[in-house]
Every structure is written in C-alpha cells, then in structure tokens.
Ligand SMILES: Nc1ncnc2c1ncn2[C@@H]1O[C@H](COP(=O)(O)OP(=O)(O)OP(=O)(O)O)[C@@H](O)[C@H]1O
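Numbering (the UniProt record's numbering), first residue to last: 1 to 299.
Here it is as structure tokens:
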C-alpha cells in the first residue's frame, strides 16, 4: 500500500503540498488528476522517494520511502522526463536494472521483445521519445515491481502501444497485486484503467472516489410533463444539476436510482428516461457543487 499522511512541501516560501492525505491499496490503480502546476509531479517525487517532505509521512507497505533502497528495489518510477545512460544499449541498461532490482526477471525481459519491437542492441538515448518510453516500460515491467509510480505514463505512445502497455500493467495488478499510482490530465484515459480517482488542486486532494461507487451513485434523467412541472418537484440537495426547457426537465441527481425513479413517477411525467452519464459529467456536477471551477481542473 502506498500512503501519504499530512504531507506538506514548500519550495522557498511557496507551499506546493499542504496536509495532503492519499492511500493506494494493494492491487489497485489510483488515478491522480489535476491542472498544470497543481503539484502532481511534486507529490509523485515524494512517493518515489526522490524528495524529502517538510512534514508528514510517506510510506510504502508501512516503510518510509525516502533514502530506503529496500523499498525502491520493489518500485518503478516512470517519470515524465526519462533518464538513461548516454552510452548504454537497451541490453546493457537491462543488465544494470538486473543488479538494482532483486526480483528482475530475464525471461520476462526476453518475452517482452514480442511486445516492444525495438532492437535491444540500440543505444537508448538515440531512440525516439516514444520508443524511449517503451523501453522504460519494458525494463520497468521486467523488474517485477510491487509498486508502479507513473507520471503521465502513456504520453508520447501511439494508441496501439498505449493499449498494450495498459494491458501489461493491469495484468500485473490482477496477477501480482501490484499497486499503481498514475498521474494524467486526461480523465477519459484514467476512466478505463483506474479503480480510484483523486483530484489534486492547489496542493490538496479535493476529491477522492472509488469509480464503481461514483458511477452507481449519480444518475441523469430526462422528464417530460403534460402541463407545468409540479411546484417544488425534486428541489432537494440530491439534485446536482437541473435544466428546464419548456416542460422538459433534465436532472442529474445523487442517490439510489430506483428510489429516485419512484419519486419521479409519483409526479406522473409523460416521459421518464434514464440517460447515460460520463465520469467527466459526474465530476463536473459533483465538484461544481463544491464551488470548484471543475471544467478548468480536469479537462
Ligand atoms: N524544484 C522546484 N523548485 C521550485 N518550485 C517548484 C519546484 N518543483 C515544482 N515547483 C513548483 O511547484 C508547483 C507544482 O509543480 P508540479 O510540477 O508538481 O505540478 P504538476 O501538477 O505536475 O504540473 P503539470 O501538470 O504542469 O506537470 C509549480 O508552481 C512549480 O513551479
């Protein structure tokens, strides 16, 4: 489990993270969203043990991360800006990884040549940006980590490679109970792969949700009435959004779907439809209600 408690970090007088709490469970994929400058990379560098926090606790399986080689030997960190030795080929870099990571698996490294079609004798720094990212995953996955910390991981990969990489990661989550924290600006990308989403805004996690809960808790309805919409109809706090066009009402509401439908039916609408709701819409309406300009935070 990856955990940060009351994590605070400033650069000079500028506080980037403040009393931040975050938990990534075993065998789970946590998506970290936030606008430019929110502090995602700063948070990630603490979780990867590269930065020392000013205050708070950062642990992996209850062990402090900073300056802890044992923890780092079980973790891969794929940064936004990759670093490789300037003279080394992929094979030579793999040899280096095999000495750093105690569970390094040469069979897996060989098998993954089917997935990453790059000549392993080539110098890594001479490869294209997207190919270097592929190498980072190739070596990272062959290291058999328990924890993966990924900063904008599929940026620069083509769509086919994105799918392949995600499928390898999710296979490790399912089969080896790997914990993954992944940052992105793209909610749609995270929606397909994460089970939890946290939104970082101005140095704090402002919302953290389990996706299945979220999807089953918020619903969108379209209602039509023969005459006027009944006075006070569904005007309670369960309604997150309401638009009325003539006698057609569009509602986004939180709660048990069947109970909401029962309440609506009692007003005798002539039309009552449940409409599909994207995760993006759920965030927009939920966080909009909390006073955040969410369109600018997550899109
Ligand atoms: N080493 C540093 N020294 C001073 N300020 C820093 C340092 N690293 C980050 N910051 C500042 O901290 C804030 C958060 O930066 P960070 O890179 O963590 O954001 P981010 O959410 O990853 O942004 P982006 O989505 O643009 O990558 C920014 O204002 C940045 O200028």
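Cβ atoms here follow ideal geometry from the backbone N, Cα and C, with glycine treated the same way.
Three-state class that DSSP yields for residue 108 in the structure shown: helix
Near ligand 1: residue 80 beta-carbon under 8 Å from a heavy atom: yes
Residue 8 Cβ short of 8 Å to ligand 1 heavy atom set: no
Sufficient close CB pairs (3 or more, under 8 Å) joining the stretch 175-193 to the stretch 29-46: yes
Residue from 246, 240, 234, 217 with nearest C-alpha to residue 228: 246
DSSP three-state assignment for residue 175, whether helix, strand or coil: helix
Between the CA atoms of residue 43 and residue 299 - distance to the nearest angstrom: Any reading at residue 299 must be qualified, since the residue scores a pLDDT of 48, below 50, and its modelled position is unreliable; the value itself is stated next. So the two alpha carbons sit approximately 20 Å from each other.
Endpoints, the beta strand (DSSP E) within which residue 224 is located: 218-224
Ligand 1 heavy atom lying under 8 Å from the CB of residue 16: yes
Length of the line joining the Cα atoms of residue 76 and residue 8: 23 Å
Distance between beta carbons of residue 120 and residue 169, contact taken as under 8 Å: Actually they are not in contact, since the Cβ atoms of residue 169 and residue 120 sit about 21 Å apart, beyond 8 Å.
Residue 284 classed as buried or exposed, judged by whether at least 16 other C-beta atoms fall within 10 angstroms: buried
Ligand 1 heavy atom lying under 8 Å from the CB of residue 4: no
Beta-carbon proximity check, residue 21 vs residue 48, cutoff 9 Å: no
Buried/exposed call for residue 243, threshold 16 Cβ in 10 Å: exposed
Contact under 9 Å by Cβ, residue 126 with residue 157: no
Residue 277 (DSSP reduced to helix, strand or coil): coil
Proximity test, residue 152 beta-carbon vs ligand 1 heavy atom, cut-off 8 Å: yes
Best match in 241, 177, 199 for proximity to residue 26 [C-alpha to C-alpha]: 177
Inter-residue spacing [alpha-carbon to alpha-carbon] between residue 252 and residue 204: 27 Å
Residue closest to residue 192, alpha-carbon to alpha-carbon, out of 111, 179, 212, 141: 212
Boundaries (first-last residue) of the alpha helix (DSSP H) holding residue 261: 257-265
Contact check, residue 2 vs residue 206, beta carbons under 9 Å: no
Beta carbon of residue 28 nearer than 9 Å to that of residue 179: yes
Separation of residue 61 from residue 13, as counted between CA atoms: 32 Å
Per DSSP, cross-strand counterpart(s) of residue 209: 197
Option in 152, 115, 145, 181 with minimal Cα separation from residue 161: 115
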